[in-house]
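Undergrad:
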Amino acid sequence: MKFLRGVLPPLVVGVAAIAAWQLTVTLGRIAPFILPAPSAIWAELVEQKQNVWEAALASGENALIGLVAGAILGVLAAMAASRFRPLAEVSIPFAAFVSALPIIALAPILNNMFEATSSIPRRLVAAIIVFFPVFLNTLRGLREVDPIHQELMHTYAASGWTFARKVRLPGALPYVFTGLRQASSLAVIAAVVAEYFGGLQNGLGSRITSAASFTAYPRAWAFVVGACLLGLAFYLTTLLLERLAMPWRTRLIA
611 MKFLRGVLPP
621 LVVGVAAIAA
631 WQLTVTLGRI
641 APFILPAPSA
651 IWAELVEQKQ
661 NVWEAALASG
671 ENALIGLVAG
681 AILGVLAAMA
691 ASRFRPLAEV
701 SIPFAAFVSA
711 LPIIALAPIL
721 NNMFEATSSI
731 PRRLVAAIIV
741 FFPVFLNTLR
751 GLREVDPIHQ
761 ELMHTYAASG
771 WTFARKVRLP
781 GALPYVFTGL
791 RQASSLAVIA
801 AVVAEYFGGL
811 QNGLGSRITS
821 AASFTAYPRA
831 WAFVVGACLL
841 GLAFYLTTLL
851 LERLAMPWRT
861 RLIA
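Here the sequence shown stands for residues 611 to 864, numbered as in the numbering used here.
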């Protein structure tokens with residue numbers, strides 16, 4: 611029953627929005643290059659399902675590698691910054707500066723630094739975009755340590771690494787996964803957008819630009835749907851990992 615209450619309202623709203631979209635395009639006679647009908651997009655999605663799948667795998671691989679690399683760097687940087695306050699004062703403005711870098715400026719620069727057939731630039735873009743939310747949320751979690759736990763570990767004369775491993779990191783897990791939830795979708799967006807600026811033509815972004823350049827707009831929208839489904843898959847996987855990593859928190863919420 612609780613599942614239905616959580617799923618049914620957004621499902622009804624989504625179906626109603628698609629129906630309104632279809633009616634608006636059909637009755638309003640909107641040009642396909644402005645807004646294709648959902649039925650046309652679905653027909654292209656069915657026809658191009660193999661191409662969409664292969665492109666989603668290519669983009670998903672880049673996004674996943676960037677997500678893992680950016681998350682690991684973010685957690686490690688947050689642990690170092692939480693241990694050394696001068697480092698935190700320097701790293702937070704630097705991380706904010708990195709997060710403000712626009713993908714449309716970063717991707718072409720990185721593409722010029724590597725071979726045209728290399729996927730490294732796209733993975734670097736995804737890692738850079740992922741780094742900031744993971745770093746910031748993890749650092750916040752590492753700083754919010756229960757004073758009782760801190761006093762207890764000091765009583766045991768625990769080393770800094772033991773304190774971090776036994777107290778700081780477990781206590782920061784909710785914050786880490788908050789950052790990962792934000793970063794999971796951003797990794798897909800970064801990987802797809804980075805494909806607009808050259809390199810291998812095997813991902814969703816390059817397929818979108820290619821279809822749009824040939825005025826095959828329903829096909830371009832079909833690849834956009836593929837990108838949306840890929841981002842949703844990343845987000846749901848992160849939620850599943852959070853439940854597996856913190857089953858006690860799920861029980862408390864329930």
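Positions of the beta carbon are idealized from the N, C-alpha and C atoms, including for glycine. Predicted model, so just to flag it, every value in this text is computed and none were measured.
Between the stretch 804 to 815 and the stretch 632 to 641, can you find at least three pairs of beta-carbon atoms closer than 8 Å?
TA: no
Undergrad: For N722, does the count of other Cβ atoms within 10 angstroms reach 16, so buried, or fall short, so exposed?
TA: Taking the first residue of the sequence shown as position 1, residue 722 is located at position 112. The residue in question, N722, is exposed, as its Cβ has fewer than 16 Cβ neighbours within 10 Å.
Undergrad: Is T847 helix, strand or coil when you go by DSSP?
TA: Mapped onto the sequence shown, residue 847 falls at position 237. Here T847 sits in helix by DSSP.
Undergrad: Find the nearest neighbour of A800 within the set P703, I682, P731, judged by alpha-carbon distance.
TA: Reading the sequence shown from its first residue, position 190 is the one you call residue 800. Checking every option, the nearest Cα to that of A800 belongs to P731.
Undergrad: Use the C-beta contact count for P620: other C-beta atoms within 10 angstroms, 16 or more gives buried, fewer gives exposed.
TA: As a position in the sequence shown, residue 620 is number 10, starting the count at 1. The residue is exposed, with fewer than 16 neighbouring Cβ atoms inside 10 Å.
Undergrad: Only counting runs of 4 or more residues, tell me where the alpha helix (DSSP H) segments fall wholly within the stretch 659 to 696, in order along the chain.
TA: The stretch 659 to 696 contains these whole alpha helix (DSSP H) runs: 659 to 693.
Undergrad: From the DSSP output, in three-state form, read off S729 for me.
TA: The residue given as residue 729 occupies position 119 in the sequence shown. Three-state result, S729: coil.
Undergrad: Could you give the residue range of the alpha helix (DSSP H) that holds Q811?
TA: On the sequence shown, residue 811 is found 201 positions in, with the first residue counted as 1. Neither: Q811 is in no alpha helix (DSSP H) and is coded neither H nor E.
Undergrad: By the three-class DSSP mapping on this structure, what secondary structure does F824 have?
TA: In the sequence shown, the residue the question calls residue 824 occupies position 214. Coil at F824, not helix or strand.
Undergrad: Closer than 8 Å is the cut-off here; do at least three beta carbon pairs connect the stretch 851 to 858 with the stretch 666 to 684?
TA: no
Undergrad: Alpha carbon to alpha carbon, how far is P780 from R829?
TA: Stepping through the sequence shown from its first residue, residue 780 is reached at position 170. Stepping through the sequence shown from its first residue, residue 829 is reached at position 219. Cα to Cα, P780 sits roughly 46 Å from R829.
Undergrad: Can you give the Cα-Cα distance for L655 and F833, rounded to whole angstroms?
TA: For the purposes of this step, residue 655 is taken as the residue at position 45 of the sequence shown. For the purposes of this step, residue 833 is taken as the residue at position 223 of the sequence shown. So the two alpha carbons sit approximately 8 Å from each other.
Undergrad: Please say whether I628 and G680 have beta carbons closer to each other than 8 Å?
TA: Taking the first residue of the sequence shown as 1, we reach residue 680 at position 70. Taking the first residue of the sequence shown as 1, we reach residue 628 at position 18. The answer is no: Cβ separation not under 8 Å.
Undergrad: Can you look up P619 in the DSSP assignment and give me helix, strand or coil?
TA: Start at 1 with the first residue of the sequence shown, and residue 619 comes out as number 9. Note: P619 maps to helix in three-state DSSP.
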